[in-house]
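Here this note's numbering is used: position 470 in the sequence shown is 480, and no number is missing along the way.
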Amino acid sequence: MDNQRLILFIVFSFSLLLLWETWQDKHAPAPVAPSSVSAPTPTQALNAPAAAAPAQAGFAKGQRAQVETDVLRATIDANGGDLRQLQLLPYRETEDKNQVFTLFEDDRTRPYLAQSGLVGKDLPTHRSVFQLNPGIYRLAGGAAQLEVPLVWNDPATGVRVEKTYVFKRGSYQIAVRTRISNNGSQPIELTPYYQFTRHAEAPRGSSFFLHTYTGPAFYTDAMKFQKVAFNDIQAGKAEFEKTANNGWVGMVQHHFVSAWLPEDGVKREYYTRALGDGLYSNGVILAEGMLAPGQQKTFTVPLYAGPQTQSVLEKTAPGLEHARDYGWLTPLAYPIFWSLEKIERLVGNWGWAIIILTILLKLALYPLSAAGYKSMAKMKKLTPRLQQLKETFGDDRAKLHQAMAEMYKTEKINPLGGCLPILIQIPVFIALYWVLLAAVEMRGAPWLGWITDLTAPDPWFILPIIMGITSVLQVKLNPQPMDPMQAKIMMIMPVAFTVMFVFFPAGLVLYWVANNILSIAQQWAINKQVEGGGKTASGKA
Numbered sequence: 011m012d013n014q015r016l017i018l019f020i021v022f023s024f025s026l027l028l029l030w031e032t033w034q035d036k037h038a039p040a041p042v043a044p045s046s047v048s049a050p051t052p053t054q055a056l057n058a059p060a061a062a063a064p065a066q067a068g069f070a071k072g073q074r075a076q077v078e079t080d081v082l083r084a085t086i087d088a089n090g091g092d093l094r095q096l097q098l099l100p101y102r103e104t105e106d107k108n109q110v111f112t113l114f115e116d117d118r119t120r121p122y123l124a125q126s127g128l129v130g131k132d133l134p135t136h137r138s139v140f141q142l143n144p145g146i147y148r149l150a151g152g153a154a155q156l157e158v159p160l161v162w163n164d165p166a167t168g169v170r171v172e173k174t175y176v177f178k179r180g181s182y183q184i185a186v187r188t189r190i191s192n193n194g195s196q197p198i199e200l201t202p203y204y205q206f207t208r209h210a211e212a213p214r215g216s217s218f219f220l221h222t223y224t225g226p227a228f229y230t231d232a233m234k235f236q237k238v239a240f241n242d243i244q245a246g247k248a249e250f251e252k253t254a255n256n257g258w259v260g261m262v263q264h265h266f267v268s269a270w271l272p273e274d275g276v277k278r279e280y281y282t283r284a285l286g287d288g289l290y291s292n293g294v295i296l297a298e299g300m301l302a303p304g305q306q307k308t309f310t311v312p313l314y315a316g317p318q319t320q321s322v323l324e325k326t327a328p329g330l331e332h333a334r335d336y337g338w339l340t341p342l343a344y345p346i347f348w349s350l351e352k353i354e355r356l357v358g359n360w361g362w363a364i365i366i367l368t369i370l371l372k373l374a375l376y377p378l379s380a381a382g383y384k385s386m387a388k389m390k391k392l393t394p395r396l397q398q399l400k401e402t403f404g405d406d407r408a409k410l411h412q413a414m415a416e417m418y419k420t421e422k423i424n425p426l427g428g429c430l431p432i433l434i435q436i437p438v439f440i441a442l443y444w445v446l447l448a449a450v451e452m453r454g455a456p457w458l459g460w461i462t463d464l465t466a467p468d469p470w471f472i473l474p475i476i477m478g479i480t481s482v483l484q485v486k487l488n489p490q491p492m493d494p495m496q497a498k499i500m501m502i503m504p505v506a507f508t509v510m511f512v513f514f515p516a517g518l519v520l521y522w523v524a525n526n527i528l529s530i531a532q533q534w535a536i537n538k539q540v541e542g543g544g545k546t547a548s549g550k551a
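Right, here's the structure in full:
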């Protein structure tokens, strides 16, 4: 069996699967929403904030506070006390490096907002108007944190709600502190909610060739990390744990995540909602108990809105590191990224770290790959004799296969001998693929010369061209298929991969180029040893 052909086939199939998922996500028709909704019972009142959300694109604008810290630039609107815009100052947009990356945005067609409010009659929701001192709030040079207060009063009921955003230096975590004073004569049931409202499109700069998940996510101790597709919300088929006393709710996209992080021990209900016009919300509602007349209560829920930096996510909240989703290969991906990060700390460059890690992986898997290459080398040595057998037996495939089997037995060659070692390596390389794809640490990181961002495609197509040339060389080193059509396909596949890799991040292509060069060197050396009748690196002839 041609092991190289098997590798290319599996990788090519994997790439086609990614493209198909991306097409489905972007172009498949959305499911039809249910035509009717039953009236909610009192216990279903927790869904009220989602139902109350506006169905049209665009949100009313009021007085605004512009907040600037060392890492964030935020816009808070008096209408609802929403966080309407959030820019992450250390990061740049994928398409325009001169623009600061925007996570939340108050756009009529592509809104993405963080909202909060209270469930219940005569209590403020994310559609209520708060009092806000408009202007610019800057984190002073020596200050550790900055507060932006908003106030809502109802003279008729005597209820006062103070919502305060607390920003900290060097942090992407924003605390939302709510203090409720009951100056009326009736007790109040406190059920605050925190939600995200977002469009269903992938973030700007997303590539059709690189499919990453965009959408709601939930985490609880019982069910762990759960993703909920926008299409499932629209169809009323969203499945996730809806009640718990722990966990968080988030919105995930490539390289970034936002998440409301209530403290554990408070009873909560998670929800999703299709709002119409391509908008969706997901959130959590907390049961904070009753507030008697003359009393007040304060509760704080942190909001993390920033990059999926592995170390930061692990320290911020239990399970938040799962927002950086490696899928079923997570057990392999975590140690691979850990190694990559350690190497980068030593060499100070992510590009060289990728190359060094590729070399280390190649050395670790050398015994397995050597067995595969040895099998291919022996098969290549037999190619002229196999071709003679084909010419001798013509279309009599039964006799041809019998003669080939006898030849393999005589030469002590197992045509399947190299398959298992190669198959064992494939999960490692796919895990590395996802690590390089998910690593926000490489966003904007240069390698050398023309590669100024390892997460962006090569602007001069140099790496994809090198990758294509090395792929062709690998095919030439392999035993050639006896079927002319298969031989043509084997030569076309490197060209197809080259075209695809033009759109891939430079870091991924750099890994592939390094792996190809190392594979060529190893395969060429083993081919020479087998052809010369010498011993291979494994010590066997």
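We put the beta carbon where it would ideally sit given N, CA and C, even for glycine.
Endpoints, beta strand (DSSP E) assigned at residue i
i, result
"Asn292", "289-296"
"Tyr147", "145-148"
"Trp470", "Careful: Trp470 lies outside any beta strand (DSSP E) and carries neither H nor E."
"Asp87", "82-87"
"Glu237", "This sequence places Lys at residue 237; Glu is not what is there. Lys237 -> beta strand (DSSP E) spans 234-237."
"His209", "202-209"
"Asp164", "155-164"
"Glu78", "74-78"
"Asn186", "The amino acid at residue 186 is misidentified as Asn; the sequence shows Val. From DSSP, the beta strand (DSSP E) with Val186 extends over 183-192."
"Pro226", "225-230"
"Gly127", "122-128"
For residue i, the nearest candidate out of the options (CA to CA)
i, options, result
"Thr420", "Lys388, Gln435, Asp405", "Lys388"
"Thr104", "Asn525, Thr310, Ile530, Met452", "Met452"
"Tyr383", "Ala524, Leu487, Asp92, Thr85", "Leu487"
"Leu458", "Ala516, Met501, Thr402", "Ala516"
"Leu473", "Ile461, Glu251, Pro312", "Ile461"
"Lys498", "Val129, Val523, Val485, Leu350", "Val485"
"Gln155", "Tyr175, Val169, Pro144, Thr167", "Tyr175"
"Tyr203", "Pro467, Leu313, Gly215", "Leu313"
"Thr319", "Gln196, Pro213, Ala448, Val238", "Ala448"
"Pro213", "Arg120, Ala408, Ile423", "Arg120"
"Thr340", "Met261, Gly358, Leu375, Phe235", "Phe235"
"Val450", "Glu331, Gly299, Arg83", "Glu331"
"Tyr182", "Gly246, Leu350, Pro100, Tyr122", "Pro100"
"Leu439", "Phe403, Leu375, Pro197", "In the sequence on display, residue 439 carries Phe and not Leu. Closest by alpha carbon: Leu375."
"Ile353", "Ala343, Tyr344, Ile364", "Ile364"
"Gln73", "Ile86, Leu82, Val81", "Ile86"
"Val267", "Gly286, Leu323, Tyr418", "Leu323"
Beta-carbon contacts of residue i that lie in its chain and below 7 Å, excluding the five residues immediately before and after
i, result
"Arg189", "Glu172, Gln306, Thr308"
"Gln125", "Gly90, Asp92, His136, Gln205, Thr207"
"Asp117", "none"
"Val259", "Phe228, Ala269, Trp270, Tyr280, Asn292, Gly293, Val294"
"Val519", "Asp468, Leu473, Pro474, Met477, Phe511"
"Tyr223", "Lys237, Val262, Asp335"
"Gln435", "Leu375, Leu378, Ser379"
"Arg187", "Thr174, Val176, Thr308, Thr310"
"Gly215", "Glu103, Thr104, Glu105"
"Ser46", "Unreliable positioning characterises Ser46 in this predicted model, as indicated by a pLDDT of 30, which lies under 50. The coordinate reading is nonetheless provided below. Answer for Ser46: no residue qualifies."
Continuous alpha helix (DSSP H) stretch holding residue i: start and end
i, result
"Ala535", "516-541"
"Lys372", "360-374"
"Phe5", "Because the chain in this structure spans residues 11 to 551, residue 5 falls outside the shown range and cannot be described."
"Phe240", "240-244"
Same chain, Cβ closer than 8 Å to residue i, neighbours up to 5 away in sequence not counted
i, result
"Trp534", "Leu487"
"Asp141", "Here the sequence assigns Gln to residue 141, which means Asp is not the residue at that position. Contacts found: Ala88, Leu160, Val161, Trp162, Asn163."
"Leu528", "Thr368, Ile369, Lys372"
"Lys252", "Glu279, Tyr280, Tyr281"
"Gln109", "Arg102, Glu103"
"Ala153", "Arg179"
Assumed close pair residue i, residue j - CB separation to whole angstroms, cut-off 8 Å
i, j, result
"Asn192", "Leu301", "5 Å"
"Thr480", "Val523", "6 Å"
"Leu410", "Leu399", "6 Å"
"Asn255", "Lys277", "5 Å"
"Thr326", "Ala185", "Not confirmed; about 12 Å, so no contact."
Sequence-distant residues of its chain with Cβ nearer than 6 Å to residue i (five each side left out)
i, result
"Ile243", "Thr282, Ala284, Tyr290"
"Asp463", "Gly454"
"Thr79", "Leu149, Phe177"
"Thr167", "Asp132, Gly194"
"Asp406", "none"
"Leu356", "none"
"Phe514", "none"
"Met233", "Glu251"
"Ile146", "Gln76"
- Query: What beta strand (DSSP E) runs, 3 residues minimum, are completely inside the region 387-463?
  - Reply: none
- Secondary structure, alpha helix (DSSP H): runs of 4+ residues fully inside the region 273-355: 320-326
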